[in-house]
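Structure, as structure tokens:
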Amino acid sequence: MNFKTLALAAAISATFVPAAFADMAAYRPVTDANVLNPEAGEWLMWRRTVDNQAYSPLEQVNAKNVGELRMEWSWSLPVGGLTEVAPLVRDGVMFVGMNRSVVQALDATNGNLIWEYKHKNPEWTGGYHASQADRQRNNIVLYKDKVYLTTADAKIVALDAKTGKSLWETQAADWKKGFSYTAGAMVVNGLIYTGMSGCSIADTGGGCFIMAHDAETGKEVWRVNTLSDLTRKEVEASWNGIPPENRYGGSAWITGAYDAKRDTLFWGVGMPIPWAESVRGTQGGATLYTNSTLAIDAKTGKVKWYYQHLGRDDWDLDSVFERVLVESEIAPDAKEVRYMSAKVKPGKKYDVIVTVPGKYGTAFVLERDTGDLLWARDTAYQNVVKGFTKDGKSIPNADLISKTIDQTVHVCGGRSLGKLWQAGAYSPKTNSFYFPMAESCRDLTPNPGEYVTGGALGFQKSGPAQAAPGETNTGRFYAFNVKTGKMEWVKKQAALFTSSALTTAGDLVFVGDSMRNFTAFEQASGKQLWNSKLNTSVSGNPMTYSVNGKQYIAITTGPHAQTPTAVAVNPELKNVNDTGHSLFVFALPEAKAAK
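Mapped onto mature numbering (1 follows the signal peptide of the UniProt record, and there is no 0), the consecutive letters of the sequence shown carry residue numbers -22 to -1, 1 to 573.
Structure representation (structure tokens):
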């Protein structure tokens, strides 16, 4: 297929507000130095930095004064759907990418609109593909003088950061087959890195891919197929004779991380499709590179190594979520972790990847040069990973892999009520990782389903969500130590934690839940220090920034995919009205902020 770059004039809609022009006068292009080491008060990409830590060095708002935090301004988001927004800030301008590929630039001090861009979306075929336009997460990134937008119709669009005008767009894949972007890009050293999604749809045989495009022209530089690698015999053998063109799944639907020292990307890959082994015909096969971390040479696209977190996935457990890069001593506590490598030299500093990659909630710490597993532990209760081999390979629970299409199994490690896109955050102050998820179980039965153009190929019957053994609710917010694997603290509640986490140098970790609570906890103890009741489920990605010496905390609200599922366990969650898509920004009173 030939993909060409188009200069646009009439196919888009950009609205510029002349009265707000002065707000953009001081806007500076984002340099590569800014990308690798952003100014303290700025937030240029999804998790602020290329290591995905979501940690801010700002500390004007801190554990001592957060109780005085108040709402500074709010803004109604103009589109519906699920709210998985990640606001960005540069030079006092907030950029908000939303569903249906709408982007707005706002004055970050008061929310006044500067410009708005509306992408012209096609007429979607099939319900599943159409839904992707209504769950666009972190779909923008800032670089040089541009805002780069990824769209549900599989395009990369370059916008002028000052005006919102479309400069060019690239068709990265054929949306008519079902390919789609549901997460945003990372841009480093002149290359735009993206992960393609939609590979659960009937016409996407051959798999998804991770790609690099030139940031000036949009021209494709390289791509990595997530379901086939002819340079590795074990990858091809893992599909039990199914040829590459008949393989499905492997969507790379969460943005990866970048290691400048190694010039390497670390990216997660999702589950195989159909979900059940007995339906997809891969009995006994690990289906590489699904449910894996890939280490990719950022210049060439060569896969340096891979680590598969869960082979033979029979349950839609999707090990695609955030990879977080950390430097830490490693000395696992044998009483806390489920696996520890014999190669670990206790007390030695390692460059590691910290990740809770799949819906079942097992935490992994990988060495960045080799992909070796250093330690792993369970967080929520799960029964799908039976254990680990001596060399750190996970062992799936074969007893829960349905042998026939009509066999029902009871799975703990929630398919639609477990770890999801809400990302964790790391704090160097505590060397701990903080992340939200849900803890649940349910019955699953394979289903042959139908191949329908534009429709998904999941093919599995699901029973209602249930609480894990001995539990009465599903909401969880965890904090574990990266060095030891020790669980420092955990919050359990009926309401789901429905936003990503944010950590700051003020000793705070912020997170939101489905019962309208936006909360700040003390990092070390988990003590609640501040809470604000908002208008609906607190969803999206909290972030913080500063303008003219004043620190702000921002979060969005709106519907979340997991909330309806949790009602089966805790009916009181029906009380939330899942409308009112909004952006809320908080700050200290002027007198406190000035100190």
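By construction, the Cβ of each residue, glycine as well, lies at the ideal position given by its N, Cα and C atoms.
Open item on the list: With the cut-off set at 8 Å, would you say Ile308 and Val330 are in Cβ contact?
Closed with: On the sequence shown, position 330 is the one that residue 308 refers to. On the sequence shown, position 352 is the one that residue 330 refers to. Yes; because the gap between Cβ atoms is below 8 Å, this pair is in contact.
Task: Per-residue burial, Ser54 [other beta carbons within 10 Å of its own, 16 or more giving buried] - done: If you number the sequence shown from 1, residue 54 lands on position 76. Its Cβ having fewer than 16 others within 10 Å, Ser54 is exposed.
Open item on the list: Distance check for Gly45 and Gly463, CA to CA, integer angstroms please.
Closed with: The count along the sequence shown starts at 1 and reaches residue 463 at position 485. The count along the sequence shown starts at 1 and reaches residue 45 at position 67. Taking the straight line from one Cα to the other gives about 31 Å.
- [ ] Under 8 Å by Cβ, that's how I've got Val302 and Thr333 pegged, so tell me the actual separation to the nearest angstrom.
- [x] Position 324 of the sequence shown, counted from the start, is the residue given in the question as residue 302. Position 355 of the sequence shown, counted from the start, is the residue given in the question as residue 333. Rounded, the Cβ-Cβ distance is 6 Å, consistent with contact.
Open item on the list: Using 8 Å for Cβ pairs, my map puts Met2 next to Val71. What's the rounded Cβ distance?
Closed with: Taking the sequence shown and counting its residues from 1, one reaches residue 2 at position 24. Taking the sequence shown and counting its residues from 1, one reaches residue 71 at position 93. Between Val71 and Met2 the Cβ distance is about 7 Å, and since that is below 8 Å, they are a contact.
Task: Per-residue DSSP class, three states only, for Thr541 - done: As a position in the sequence shown, residue 541 is number 563, starting the count at 1. It is helical.
Open item on the list: If you reduce the DSSP assignment to three classes, tell me which class Ala108 lands in.
Closed with: As a working note, residue 108 is residue 130 in the sequence shown. Helix.
Task: Simplified DSSP state of Asp454, which is helix, strand or coil - done: Counting from 1 along the sequence shown, the entry for residue 454 is found at position 476. The displayed chain sequence assigns Arg, not Asp, to residue 454. Of the three classes helix, strand and coil, the one that applies to Arg454 here is strand, per DSSP.
Task: Rounded separation between Asn218 and Lys211 - CA only - done: As a working mapping, residue 218 is identified with position 240 in the sequence shown. As a working mapping, residue 211 is identified with position 233 in the sequence shown. Taking the straight line joining both Cα atoms gives about 12 Å.
TODO: For Ile220, count neighbouring C-beta atoms within 10 Å of its own C-beta (all shown protein chains included) and say buried if the count is 16 or more, exposed if not.
DONE: Translated into positions along the sequence shown, residue 220 becomes position 242. By the neighbour-count rule (16 or more Cβ atoms within 10 Å), Ile220 is buried.
TODO: Would you mind listing the beta strand (DSSP E) stretches within the segment 338 to 397 that are 3+ residues and don't spill past its ends, in chain order?
DONE: 341 to 345, 351 to 355, 363 to 366, 372 to 374 and 387 to 390
TODO: Measure the alpha-carbon distance for Ser319 versus Thr348 and round it to whole angstroms.
DONE: Counted from its first residue, the sequence shown places residue 319 at position 341. Counted from its first residue, the sequence shown places residue 348 at position 370. Spanning the two alpha carbons is a distance of roughly 13 Å.
Open item on the list: Quick check on the DSSP output: the alpha helix (DSSP H) that includes Arg420 runs from which residue to which?
Closed with: By one-based count along the sequence shown, residue 420 stands at place 442. Per DSSP, Arg420 belongs to no alpha helix (DSSP H); it is in the beta strand (DSSP E), Ser418 to Pro424.
TODO: Provide the residue span of the beta strand (DSSP E) that contains Lys124, from first to last.
DONE: Translated into positions along the sequence shown, residue 124 becomes position 146. Start and end: Lys124 to Thr128.
- [ ] In angstroms with no decimal places, state the Cα-to-Cα distance between Lys470 and Asn451.
- [x] The residue labelled residue 470 in the question sits at position 492 within the sequence shown. The residue labelled residue 451 in the question sits at position 473 within the sequence shown. For Lys470 and Asn451, the distance between alpha carbons rounds to 7 Å.
Open item on the list: By alpha-carbon positions, which one of Lys570, Ala571 and Gly518 ends up nearest to Thr61?
Closed with: Locating residue 61 in the sequence shown gives position 83, where the first residue counts as 1. Nearest option by C-alpha distance: Gly518.
Open item on the list: Less than 8 Å between C-beta atoms, sequence neighbours within five positions excluded: which residues of the same chain meet that for Ala571?
Closed with: Locating residue 571 in the sequence shown gives position 593, counting from the first residue. Only Gln38, Gly527, Lys528, Gln529 and Ala565 meet the Cβ criterion.
Open item on the list: As a quick exercise: from Thr534, Asp311 and Arg115, pick the residue whose alpha carbon is nearest that of Thr160.
Closed with: Taking the sequence shown and counting its residues from 1, the one referred to as residue 160 is at position 182. For the residues Thr534, Asp311 and Arg115, the minimum Cα distance to Thr160 belongs to Arg115.
Task: Cα-Cα separation, Thr(-18) to Thr195 - done: Taking the sequence shown and counting its residues from 1, one reaches residue -18 at position 5. Taking the sequence shown and counting its residues from 1, one reaches residue 195 at position 217. Because the pLDDT of Thr(-18) is 44, which lies under 50, any placement of that residue in the model is unreliable, and the number read from its coordinates should be weighed accordingly. C-alpha separation (whole angstroms): 7 Å.
Task: Boundaries of the alpha helix (DSSP H) in which Val247 is found, first to last residue - done: Working through the sequence shown from its first residue, we reach residue 247 at position 269. First-last for Val247: undefined, no H or E at that position.
- [ ] With a 10 Å radius around its C-beta and 16 neighbouring C-beta atoms as the bar for buried, classify Pro250 as buried or exposed.
- [x] The residue given as residue 250 occupies position 272 in the sequence shown. Flag for Pro250 reads buried.
TODO: Determine the extent of the alpha helix (DSSP H) in which Leu435 is found, giving its start and end residues.
DONE: As a position in the sequence shown, residue 435 is number 457, starting the count at 1. No alpha helix (DSSP H) holds Leu435; DSSP gives it neither H nor E.
TODO: Note down the Cα distance separating Trp102 from Asp369, rounded to an integer number of angstroms.
DONE: One-based indexing of the sequence shown puts residue 102 at position 124. One-based indexing of the sequence shown puts residue 369 at position 391. In a straight line, the C-alpha of Trp102 is about 46 Å away from that of Asp369.
Task: N-terminal and C-terminal residue of the alpha helix (DSSP H) that Ser256 is part of - done: Position 278 of the sequence shown holds residue 256. Element bounds for Ser256: Glu255 to Arg258.
Open item on the list: So, for Ile92: in the same chain, excluding its five sequence neighbours on each side, which residues have a beta-carbon less than 7 Å away from its beta-carbon?
Closed with: Start at 1 with the first residue of the sequence shown, and residue 92 comes out as number 114. Val(-6), Ala(-3), Asp1, Met2, Val71, Ala83, Leu84 and Asp85, listed in sequence order.
TODO: Work out the CA separation of Gly436 and Val547 for me, nearest whole Å.
DONE: Counting from one through the sequence shown, the residue named residue 547 turns up at place 569. Counting from one through the sequence shown, the residue named residue 436 turns up at place 458. Their Cα atoms are separated by approximately 24 Å.
Open item on the list: I need the DSSP call for Glu212, collapsed to helix, strand or coil.
Closed with: The residue you call residue 212 lines up with position 234 of the sequence shown. Looking at Glu212 - three-state DSSP - the assignment turns out to be helix.
Open item on the list: For Trp467 and Gln31, what's the separation of their Cα atoms in angstroms?
Closed with: As a first step, residue 467 is located in the sequence shown; it is residue number 489 there, counting from the start. As a first step, residue 31 is located in the sequence shown; it is residue number 53 there, counting from the start. Each residue's Cα considered, the two are about 19 Å apart.
TODO: For Thr476, I'd like the list of residues in its chain whose CB is within less than 8 Å of its CB, leaving aside the five on either flank, ordered along the chain.
DONE: Locating residue 476 in the sequence shown gives position 498, counting from the first residue. For Thr476, where only same-chain residues beyond five positions count, the Cβ hits under 8 Å are Gln400, Pro414, Gly490, Asp491, Ser492, Ser515, Val516, Ser517, His538, Gln540 and Thr541.
Open item on the list: Quick check: what's the CA-CA separation for Asn425 versus Ser270?
Closed with: Locating residue 425 in the sequence shown gives position 447, where the first residue counts as 1. Locating residue 270 in the sequence shown gives position 292, where the first residue counts as 1. Cα to Cα, Asn425 sits roughly 25 Å from Ser270.
TODO: Pull up the distance between the alpha-carbon of Ser394 and that of Val74, whole angstroms please.
DONE: Taking the sequence shown and counting its residues from 1, the one referred to as residue 394 is at position 416. Taking the sequence shown and counting its residues from 1, the one referred to as residue 74 is at position 96. Answer to the nearest angstrom: the Cα atoms are 27 Å apart.
Open item on the list: Taking a contact to mean a Cβ-Cβ separation below 8 Å, would you say Ala190 touches Ile170 in this structure?
Closed with: Mapped onto the sequence shown, residue 190 falls at position 212. Mapped onto the sequence shown, residue 170 falls at position 192. Contact flag set, yes.
Task: Opening and closing residue of the beta strand (DSSP E) in which Asp1 lies - done: By 1-based counting over the sequence shown, the position of residue 1 is 23. Per DSSP, Asp1 belongs to no beta strand (DSSP E) and is neither H nor E.
Open item on the list: Whole angstroms are fine: how far does the CA of Ala4 sit from the CA of Leu352?
Closed with: Here residue 352 corresponds to residue number 374 of the sequence shown, with the count starting at 1. Here residue 4 corresponds to residue number 26 of the sequence shown, with the count starting at 1. Each residue's alpha carbon lies about 46 Å from the other.
Task: Buried or exposed (CB count within 10 angstroms, at least 16 for buried), Leu208 - done: Walking along the sequence shown from the start, residue 208 turns up at place 230. Burial call: exposed.
Task: Beta-carbon proximity of Ser178 to Ser229, cut-off 8 Å - done: In the sequence shown, counting from the first residue as 1, residue 178 sits at position 200. In the sequence shown, counting from the first residue as 1, residue 229 sits at position 251. Closer than 8 Å, so yes.
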